[in-house]
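**Q** Quick note on numbering: numbering that gives the first Met the number 0 labels position 270 of the sequence shown as 269, and the sequence is numbered without any gaps. By construction, the Cβ of each residue, glycine as well, lies at the ideal position given by its N, Cα and C atoms.
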Amino acid sequence: MSEAALRSDAQAPQGDADEILDRMQQAGLQVEVSARRLAEYSYDASNYRVVPLAVVFPRSADDVLAIVRVCRETGTPLIGRGGGTSMAGNAVGPGVVVDFSRHLTAIRVLDEDARTVDVDPGVVLADLTREVEAATGGRLTFAPDPSSKNRATVGGAIGNDACGNHSVRYGRTSDHVVEIDVVTTDGARLTATNRGLRATDPHDVHSERRARELLGQLEQLGRENLAPFRLELGRIQRQVSGYHLQNLLPEHRLDIARALVGSEGTCALVVGARMRLVPRPPSALLVCLGYDDVVDAARDITTILEFSPAAVEGTDAAIVETMRARRGPDSVLGLPDGRAWLFVDLDGEDQAAVEGQAERLLERLARNGRLVEGQAVPDPAERASLWRVREDGAGLSSRLASGGESWPGWEDSAVAPEDLADYLAELRVLMDEHGLDGVMYGHFGAGCMHIRITYDLRTDDGRRVFREFTQAAARLVVRHGGSLSGEHGDGRSRSELLPLMYSPQVLAAFVRFRRLWDPEGMLSPGIMTEPDRMDDHLALEGVPQREWRTSFDLSPAHSHTSGAAGGAGAGQSAPDPWVHAVQGCIGVGRCRADTGGVMCPSFRATRDEKDSTRGRARVLQEMVRGARTVEEGWRSEEVREALDLCLSCKACSTDCPAGVDMATYKSEFFDHYYARRLRPVAHFSLGWLPRWLLVAGRIAPVVNALLSTPLAKAAAVLGGLTPQRRMPRFARTGQWRQEVADAAVAPGAGDAVLFVDTFTRGFRPEAAGAAARVLQQAGERVECSAEACCGLTWISTGQLGTARRLLARAAEALDDGTERPIVVVEPSCAAALRKDLPDLVPTDQARRVSRRVRSFAAHLAERTAQGWRPEPSAPIPDRVVLQTHCHEHSVFGPASQRRVLAAAGVREVVDAAGCCGVAGNFGFEAQHYDVSMQVAENELAPALRGAREEDPVLTDGFSCAMQVDHLEPQRPGMHLAQLLDPGPRRAPQQTRWPQATEPNNPSETRKRSHDEHPGSCPHCP
0 MSEAALRSDA QAPQGDADEI LDRMQQAGLQ VEVSARRLAE YSYDASNYRV
50 VPLAVVFPRS ADDVLAIVRV CRETGTPLIG RGGGTSMAGN AVGPGVVVDF
100 SRHLTAIRVL DEDARTVDVD PGVVLADLTR EVEAATGGRL TFAPDPSSKN
150 RATVGGAIGN DACGNHSVRY GRTSDHVVEI DVVTTDGARL TATNRGLRAT
200 DPHDVHSERR ARELLGQLEQ LGRENLAPFR LELGRIQRQV SGYHLQNLLP
250 EHRLDIARAL VGSEGTCALV VGARMRLVPR PPSALLVCLG YDDVVDAARD
300 ITTILEFSPA AVEGTDAAIV ETMRARRGPD SVLGLPDGRA WLFVDLDGED
350 QAAVEGQAER LLERLARNGR LVEGQAVPDP AERASLWRVR EDGAGLSSRL
400 ASGGESWPGW EDSAVAPEDL ADYLAELRVL MDEHGLDGVM YGHFGAGCMH
450 IRITYDLRTD DGRRVFREFT QAAARLVVRH GGSLSGEHGD GRSRSELLPL
500 MYSPQVLAAF VRFRRLWDPE GMLSPGIMTE PDRMDDHLAL EGVPQREWRT
550 SFDLSPAHSH TSGAAGGAGA GQSAPDPWVH AVQGCIGVGR CRADTGGVMC
600 PSFRATRDEK DSTRGRARVL QEMVRGARTV EEGWRSEEVR EALDLCLSCK
650 ACSTDCPAGV DMATYKSEFF DHYYARRLRP VAHFSLGWLP RWLLVAGRIA
700 PVVNALLSTP LAKAAAVLGG LTPQRRMPRF ARTGQWRQEV ADAAVAPGAG
750 DAVLFVDTFT RGFRPEAAGA AARVLQQAGE RVECSAEACC GLTWISTGQL
800 GTARRLLARA AEALDDGTER PIVVVEPSCA AALRKDLPDL VPTDQARRVS
850 RRVRSFAAHL AERTAQGWRP EPSAPIPDRV VLQTHCHEHS VFGPASQRRV
900 LAAAGVREVV DAAGCCGVAG NFGFEAQHYD VSMQVAENEL APALRGAREE
950 DPVLTDGFSC AMQVDHLEPQ RPGMHLAQLL DPGPRRAPQQ TRWPQATEPN
1000 NPSETRKRSH DEHPGSCPHC P
């Protein structure tokens, strides 16, 4: 698509994209103007969509100077962006978006004595905290911890004056800023300090002159507004709306650094900062309190604050119910009775003293009479579970288990903590008057509420209600002495409402402050001063109503993807199911996090927004708009490119708080995209693998012999596969029957059906025998079935007609009129039968079968919960390396194998918690090999390098086993069934031919050819 076509988009900004592209490329900048890239950066985590002209990725402050120069000379707006998690719309805008999170990520100097750290603006907050604590032995930490801390950046926190869960103790980002290095639109490099302003480089004449001039003007602005600044600004703890100009007052000693914090990128571009560190308390304890509703909880806040807590966070029942619906009942642990909860963090120097304080707090609250139940939570797993509920609140509340959608817009108001209960009570009445409902959570101890509301932003009437309610809510919070924003900033959501909160004199000072820094108004137009209307640029407006025919049943009432969160609620318009599904991403960006869950493995490998679940979803959202940025619908090249590196791991379906299932969307899109179009050859060589196995199994010795010759590489290339991987040994047809026969499987009806899937039959038949023996040792009569295929390889390659037919046959074969569990050896096949079967074959029969399906590990976890303990024939090792298959993690939960291993007596589990990188066909495809190895470096390869030689590697997934065999062929992966086998333990099958040359493999030094030690393999003659 040409740049001229891009500029014809109705929302495209004025400017010449060609000239900008040329000039930035001449300056050596990394700049992109592709339709796909613009789609990714048209959104943040707010309700808004603004298409930029270009996206640029600076590597240094000098790059930022060059970007500013080009934009100044071409009259192009500039928008700074960190993690893109803004809920107020202050990370999108017209012109050039500058993404600081890609390259400017260095932690430069940590001074423990001074308790400061010097960082780049793109450093992720959680990374900074982790590095500081590691470098100081846990003595110091970086305090601001918003819920988005594992993807939000320092620059973004400065822009919004972010706070976080522990703001009761530690305040806002502005309380932790020592100095900020900025670039202004006239090309000056300045450093704002707690005592003024200086040139970053004292030898830079232009910057030195600009610093003196600007400092004098800011000092004068403070002197001329002493009374209004003192009376209207800084009145409550969470007054973030507007500019923080009280810091220009004499009593604050002209603290320019703090005055800049919260300016939302409208004054200068942050290129570095010195941040203050705080001591880390040695002892802490979480106290969880249950209430009937959030108003009762808010009325106890003043009592709780008397105990000097570090955090007082709250959430309501709707979020907890959604978490359990999406991630299983064990996803929320340690929760007392109630319908609303407060999480209170107490800390101190002595653990016993902290525990005593918790007891006194519970006694005091019990006397107040509002507490339903309260308890201390000393268990680390339960604490992590509860904080995860609170931290994922924004995503979980967007599509609730009870139905309906909720959106930001009035999600960030704040009052004094003592006024919170009355404010919430009146806000509920206001929502009722407008026919709205809301999900309430947030920083109760600081009086800041994150309320997501059931607006209908798809219709004119719904947008009218959105506007009228938001104006009324603004008047309400001002009447309570509060702030429109307590953390997220004003952005496009609330800037228009600032006249309701501030006097004309203060508003005029805001305009003057901004123009002193940016006279031409280049930075982030449309927010703070001279704002766009709050209902301009809404992302849900203008999406055409049309029917998108899909193979997957994506209707909200049925789909696991969006069904766990429901569809349109009362008074909300219902979009097409495909549109509703892809619009599930609201941009919170958990897929960009390095820790917590498994998604998104490709983003963790490449660090590119296009490879995040969010980036892909945004491109799909542009597709359903039919926007100029992404045209051609199902035939869109932009969408195909965005989905190319998706490993179909399904982790996002559970790890994403909004429940986005990109694996399903990729399969659906590819099914349409390749209709009447030539497919990649790998879609036949690997996508049709079960059919080839029928042939290969009959002549397995011949095929295996051929694969040990140079013909193997030629065959791989012809099949679209990488020659850098070995092909696995093929099992003989019927070999699996011999394996399970050794287990004396009972004929006829049994307590469980052991489903021997295609991969197990074709490559790991010994795992089938071990699984049968383990189930018998568990006291179950076992019936084996192998007369069906789950269609997984056709699903993952988007060949859904064939997949649907195979799944329908599988449902017919397995629906035997009983409720016996169907235990599947291969977790990916189990996931396909559990999740994809009812979505592709929406019949009662398919749903009956789906409910019965268990992965092997999940079934054993159920049995251990009933008291069964494994009795393997060989001694259980004290430590194992565990590679949980992504589909096991997403469909059956991440903890099953750990529970079984604990019951078996394994004392230590080294958890390689992440995708292995092979992911079915992905890692075997030639064009994806390098990325698959980068993905392995996220978790699996480091875990293997750190393991002892005697530590078994558990790989229930065949793909995972192949990656382990590739990384360390002397230590093949082992199925859980093989570890627990009560019969004679057999080593996992190894490959018999030499390892192909693999120069990029980071574990190369630890490999050795199987041929060097042929006697070690029990399958060798």
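Tell me which residues share the same chain as Thr837 and place their Cβ nearer than 7 Å to its Cβ, disregarding the 5 neighbours each side in the sequence.
**A** First, the amino acid is wrong: residue 837 is Pro here, not Thr. Taken in chain order, the residues that qualify are Ala845, Arg846, Ser849.
**Q** Write down every uninterrupted run of the alpha helix (DSSP H) in the stretch 623 to 653 whose length is 4 residues or greater and which is fully enclosed by it, in chain order.
**A** Segments of the alpha helix (DSSP H) lying fully in the stretch 623 to 653: 636 to 642.
**Q** Ala777 and Pro869 - do their beta-carbons sit closer together than 9 Å?
**A** Yes, Cβ-Cβ distance for Pro869 and Ala777 is below 9 Å.
**Q** Determine the DSSP secondary structure at Leu799, reduced to helix, strand or coil.
**A** Helix, per DSSP.
**Q** Going by beta-carbon coordinates alone, are Val852 and Leu839 separated by less than 9 Å?
**A** In this structure, Leu839 does not lie closer than 9 Å to Val852 by Cβ.
**Q** Is Glu887 closer than 9 Å to Ala911 when the C-beta atoms are compared?
**A** No, Cβ-Cβ distance for Ala911 and Glu887 is not below 9 Å.
**Q** Roughly how many angstroms lie between the CA atoms of Val95 and Arg606, to the nearest whole one?
**A** Cα to Cα, Val95 sits roughly 20 Å from Arg606.
**Q** What's the gap between the Cα of Glu967 and the Cα of Val260?
**A** About 50 Å.
**Q** Runs of 4 residues minimum, wholly inside the stretch 101 to 185: which ones carry the alpha helix (DSSP H) assignment?
**A** Whole alpha helix (DSSP H) segments, 4+ residues: 124 to 134, 153 to 159, 166 to 169.
**Q** Drop a sphere of 10 angstroms on the beta-carbon of Val270, count the other beta-carbons inside from all chains shown, and report buried for 16 or more, exposed for fewer.
**A** Val270 should be labelled buried.
**Q** Under a three-way DSSP split, which group does Arg229 fall into?
**A** If DSSP states are grouped into helix, strand and coil, Arg229 belongs with the helices.
**Q** Roughly how many angstroms lie between the CA atoms of Arg780 and Gln896, to the nearest whole one?
**A** The alpha-carbon atoms of Arg780 and Gln896 are separated by roughly 22 Å.
**Q** For Pro1082, does the count of other Cβ atoms within 10 angstroms reach 16, so buried, or fall short, so exposed?
**A** Residue 1082 lies beyond the residue range present for the chain, which begins at 0 and ends at 1020; the question has no answer from this structure.
**Q** Given Gln547, which residues of its chain have a CB within under 6 Å of its CB, disregarding the five upstream and five downstream residues?
**A** The displayed chain sequence assigns Trp, not Gln, to residue 547. Closer than 6 Å at Cβ, skipping near neighbours: Asp575, Trp577.
**Q** Among residues of its own chain, excluding the 5 on either side of Asn1000, which ones have a beta-carbon nearer than 6 Å to its beta-carbon?
**A** Low confidence applies here, because Asn1000 scores a pLDDT of 39, under 50, leaving its location unreliable and the question unanswered by this model.
**Q** Beta carbon of Ala925, beta carbon of Phe512: below 9 Å?
**A** Cβ distance not < 9 Å, so Ala925 and Phe512 don't count as in contact.
**Q** Can you name the residues that DSSP bridges to Gly313?
**A** Paired residue(s): Leu341, Gly441.
**Q** Runs of 4 residues minimum, wholly inside the stretch 719 to 770: which ones carry the alpha helix (DSSP H) assignment?
**A** Counting whole runs of 4 or more residues, the stretch 719 to 770 contains the alpha helix (DSSP H) stretches 734 to 740, 757 to 762.
**Q** Within the continuous beta strand (DSSP E) that includes Gln374, where are the two ends?
**A** Segment 372 to 376, the beta strand (DSSP E) holding Gln374.
**Q** Since Arg36 is in the beta strand (DSSP E), which residue starts that stretch and which ends it?
**A** Segment 34 to 39 is the alpha helix (DSSP H) holding Arg36; no beta strand (DSSP E) there.
**Q** Evaluate contact between the stretch 145 to 153 and the stretch 304 to 311, counting only Cβ atoms and requiring at least three cross-stretch pairs below 8 Å.
**A** No contact exists between the stretch 145 to 153 and the stretch 304 to 311.
**Q** I want to see whether chain D comes within less than 9 Å of Leu539, judged by CB atoms only; does it?
**A** Given the protein chain composition of this structure (a single chain), no chain D is represented.
**Q** As an exercise, report each continuous beta strand (DSSP E) stretch of at least 3 residues that is fully enclosed by the stretch 184 to 251, in chain order.
**A** Counting only runs of 3 or more, we get 188 to 192, 195 to 198.
**Q** Whole angstroms are fine: how far does the CA of Arg427 sit from the CA of Thr314?
**A** Going by the C-alpha atoms only, they are around 15 Å apart.
**Q** Give the straight-line distance between the Cα atoms of Ala829 and Arg763, rounded to the nearest whole angstrom.
**A** One C-alpha to the other measures close to 16 Å.
**Q** Using DSSP with H/G/I as helix, E/B as strand and the rest coil, what is Leu419?
**A** Helix, per DSSP.
**Q** Taking the DSSP output, what are the residues bridged to Val909?
**A** BP columns for Val909 point to Val880.
**Q** Pair every Cβ in the stretch 604 to 620 with every Cβ in the stretch 637 to 651, then say whether three or more of these pairs are closer than 8 Å.
**A** Yes: the two stretches touch, three or more of their Cβ pairs being nearer than 8 Å.
**Q** Taking the alpha carbon of Val476 as the reference point, which residue from Tyr422, Asp489, Gly485 has its own alpha carbon closest?
**A** Considering only alpha carbons, the answer is Tyr422.
**Q** With DSSP collapsed to three states, give me the class of Asp346.
**A** Correct three-state label for Asp346: strand.
**Q** Would Asp98 pass as a contact of Tyr40 if the rule is Cβ separation under 9 Å?
**A** Cβ distance < 9 Å, so Asp98 and Tyr40 count as in contact.
**Q** With Arg808 and Ala787 assumed to form a contact (beta carbons below 8 Å), what rounded beta-carbon distance in angstroms separates them?
**A** With a Cβ gap of about 6 Å, Arg808 and Ala787 count as contacting.
**Q** Tell me the DSSP bridge mates of Ala283?
**A** Paired residues: Asp346.
**Q** Are Ser412 and Met439 close, meaning C-beta to C-beta below 9 Å?
**A** No, these two residues do not count as a Cβ contact at 9 Å.
**Q** In three-state DSSP terms, what is Trp406?
**A** In this structure, Trp406 counts as strand in the three-state DSSP scheme.
**Q** Pick helix, strand or coil for Glu818, following the three-state DSSP scheme.
**A** Reduced to three states, the DSSP call for Glu818 is coil.
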